[in-house]
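Residue numbers (our numbering): -7 to 122. Ideal Cβ placement from N, Cα and C applies to all residues, glycine included. As the structure is a computational prediction, the values presented were derived from the model and not from experiment. Data block below; observations after.
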Ligand SMILES: [Zn+2]
């Protein structure tokens, strides 16, 4: 019989024990789980708090540098689930924010072009301020 390995979900912090990597799929997120770099027995010997702390550290480690910076101070006070959820949410917001920035940039551009067109100005728009 194969040995069990510990797997965790980097998105929600759920963890479980599996023999085969292909079975290690988070039941909540439907995502492939990451194998923990620690054998089953060593993990079982840890207390709940120690497991939380260890998995939190792993989740932070696998985050983007920006997310990492925001989560680092919370590591000692927060539980694994909160850390994982925060990380996932921050990443989502980061992506959303980038999209919004691009939209705003595009809107500025469009407004300027409309103003220039209506005033009959040159493309640098400087005449407007004379
Ligand atoms: Zn999950």
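What does residue i pair with, by DSSP beta-bridge criteria?
{"i": "residue 112", "result": "The partner list for residue 112 (beta bridge, DSSP) is empty, contrary to what the question assumes."}
{"i": "residue -2", "result": "9"}
Considering only the beta carbon of each residue, do residue i and residue j sit closer than 7 Å?
{"i": "residue 150", "j": "residue 72", "result": "Coverage of the chain is limited to positions -7 through 122, which leaves residue 150 absent and any answer about it impossible."}
{"i": "residue 3", "j": "residue 80", "result": "yes"}
{"i": "residue 23", "j": "residue 1", "result": "yes"}
{"i": "residue 16", "j": "residue 51", "result": "no"}
{"i": "residue 9", "j": "residue 30", "result": "no"}
{"i": "residue 107", "j": "residue 82", "result": "no"}
Assuming residue i contacts residue j under a Cβ cut-off of 8 Å, what Cβ separation, rounded to an integer in Å, is found between them?
{"i": "residue 6", "j": "residue 26", "result": "Not really, about 11 Å apart at Cβ, beyond 8 Å."}
{"i": "residue 55", "j": "residue 63", "result": "7 Å"}
Using a Cβ-Cβ distance under 7 Å, would residue i count as near chain B?
{"i": "residue -1", "result": "Of the chains in the structure shown, none is chain B; there is only one protein chain."}
Contact set, ligand 1 heavy atom to C-beta under 5 Å: 1, 3, 4, 6, 18, 20 and 21
Runs of alpha helix (DSSP H) lying entirely within the stretch 13 to 96, each at least 4 residues, in chain order: 32 to 36, 40 to 53 and 57 to 63
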